[in-house]
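Taking our numbering, the leading residue of the sequence shown gets 1261, the next gets one more, and so forth.
Every residue, glycine too, gets a C-beta built ideally from N, C-alpha and C.
Remarks on the structure that follows.
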Amino acid sequence: MRVLERAGVGAPRVDAEVLLGFVLGVSRGALGSLLVLDRELPDGAAAAFDALVERRARREPLQHLTGVAPFRHVELAVGPGVFVPRPETEQVAQVAIDEARRVVDERGSAVVVDLCTGSGAIALAVATEVPGARVHAVELDAAAHAWAARNLAGSGVTLVKGDARTTLRELDGAVDVVVSNPPYVPPDAVPRDPEVAEHDPAVALYGLGADGLEVPRGITAAAARLLRPGGLYVMEHAEVQDAAARAMVDATGLYAPATTADDLTGRPRMVVARRAGAPVEH
Ligand SMILES: C[S@@+](CC[C@H](N)C(=O)[O-])C[C@H]1O[C@@H](n2cnc3c(N)ncnc32)[C@H](O)[C@@H]1O
1261 MRVLERAGVG APRVDAEVLL GFVLGVSRGA LGSLLVLDRE LPDGAAAAFD
1311 ALVERRARRE PLQHLTGVAP FRHVELAVGP GVFVPRPETE QVAQVAIDEA
1361 RRVVDERGSA VVVDLCTGSG AIALAVATEV PGARVHAVEL DAAAHAWAAR
1411 NLAGSGVTLV KGDARTTLRE LDGAVDVVVS NPPYVPPDAV PRDPEVAEHD
1461 PAVALYGLGA DGLEVPRGIT AAAARLLRPG GLYVMEHAEV QDAAARAMVD
1511 ATGLYAPATT ADDLTGRPRM VVARRAGAPV EH
């Protein structure tokens, strides 16, 4: 634990417990007590644990070491080449899930699209938690798409490889919920944590343009094209982008006035808007 603390790992005790549980093949909860850390480990486990701690001290993401990332009620396989799903995105998924459930109750089914799906986290959560939802997911990057294909196999989610700004034309005007956690980091805001800066793919982080919102602007336009009138759009953004994200949505003239919703820690982290009027003509 001290090795991780010295390396600047944010939650050294938690990470040490997770890695020990991983080596022993038990959940962190089943470890029982931290005293386990002081006991002798079975043959081979001590060396395996030390090797993992050393890698974690070099700031490899914990989830790359265990190969999994928890997200709501599901677990995603993750590793190099894919963005590790974050707890704050669970609340973005919640907004999409609540709306999809409401639509299913009202109409018997709902069409949900997850743009920029990465590991497939949001799409899998919606498909798992909302029976009656028909879920589509789009990912541009080949490596991330491969992780999503692995995670979404057998889930019923339709996964498409392509640019989320231009795909799924067959669903134009027919979608009830579009949810997205796109890249949105501005070019001058390189994340400080090595786990993020060195291990999350650049295509997952940087939203392009001076404000980081060039890709999100394209996603917002695509969502307007996909949504039926009254359909809901929810998109994650950085804490400092709340006003810019609302302005971005409102500037399209295609949505009712956008609002901002908070994540579970009370930070403004997503823009929410309903599609207004008639579907866009093409
Ligand atoms: C911030 S990550 C989010 C991944 C996942 N939705 C999550 O919340 O964990 C953004 C994802 O968008 C993908 N991406 C970037 N530009 C894209 C585009 N134009 N079309 C589709 N996917 C894109 C990246 O490869 C990355 O997987």
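Cutoff 8 Å; reference residue i; Cβ partners in own chain excluding five residues on either side
i, result
"Trp1426", "Note that residue 1426 is Thr in the sequence shown here, rather than Trp. Excluding residues within five positions, the ones whose Cβ falls inside 8 Å are Ala1482."
"Pro1391", "Val1364"
"Tyr1515", "Ala1484, Tyr1493, Val1509, Ala1533, Arg1534, Arg1535 and Ala1536"
"Ile1357", "Ala1385, Val1386, Glu1389 and Val1390"
Residue i and residue j closer than 9 Å at C-beta
i, j, result
"Pro1340", "Ala1403", "yes"
"Val1437", "Val1342", "no"
"Ala1267", "Arg1319", "yes"
"Val1352", "Glu1496", "yes"
"Ala1393", "Ala1387", "yes"
"Ala1329", "Ser1379", "yes"
"Ala1424", "Cys1376", "yes"
"Pro1347", "Leu1465", "no"
Delimiting residues of the alpha helix (DSSP H) encompassing residue i
i, result
"Thr1349", "Pro1347 to Arg1367"
"Gly1281", "Pro1272 to Leu1284"
"Leu1312", "Ala1305 to Ala1317"
"Ala1385", "Ala1381 to Glu1389"
"Val1456", "Pro1454 to Ala1457"
"Val1326", "Note that residue 1326 is Thr in the sequence shown, not Val. Here the alpha helix (DSSP H) through Thr1326 covers Leu1322 to Thr1326."
Close-in-space but distant-in-sequence residues of the same chain around residue i (CB under 6 Å, 5 per side omitted)
i, result
"Asp1502", "Thr1520 and Pro1528"
"His1542", "Its pLDDT being 48, under 50, His1542 is placed unreliably by the model, and the measurement read from it follows with that caveat. So the list is empty, once near-sequence residues are dropped."
"Ala1518", "Arg1506, Val1509, Asp1510, Val1531 and Ala1533"
Residues near residue i in its chain [Cβ-Cβ closer than 7 Å; skip 5 each side]
i, result
"Ser1287", "Gly1281"
"Ala1504", "Asp1471 and Leu1473"
Cβ of residue i within 9 Å of any chain C Cβ
i, result
"Arg1273", "The structure shown contains no chain C, having only a single protein chain."
Residue interval of the beta strand (DSSP E) (run including residue i)
i, result
"Pro1528", "Pro1528 to Arg1534"
"Ala1397", "Ala1393 to Glu1399"
"Glu1430", "Segment: none, Glu1430 is in no beta strand (DSSP E) and carries neither H nor E."
"Val1371", "Ala1370 to Leu1375"
"Leu1419", "Thr1418 to Lys1421"
"Glu1335", "Val1334 to Ala1337"
Contact test: residue i Cβ vs ligand 2 heavy atom, cutoff 8 Å
i, result
"Asn1411", "Because ligand 2 does not appear in the structure shown, any question about it cannot be addressed here, the ligands present being ligand 1."
task = Give, in chain order, every unbroken run of the beta strand (DSSP E) that is at least 3 residues long and sits entirely within the segment 1482 to 1523.
result = 1487 to 1496 and 1519 to 1522
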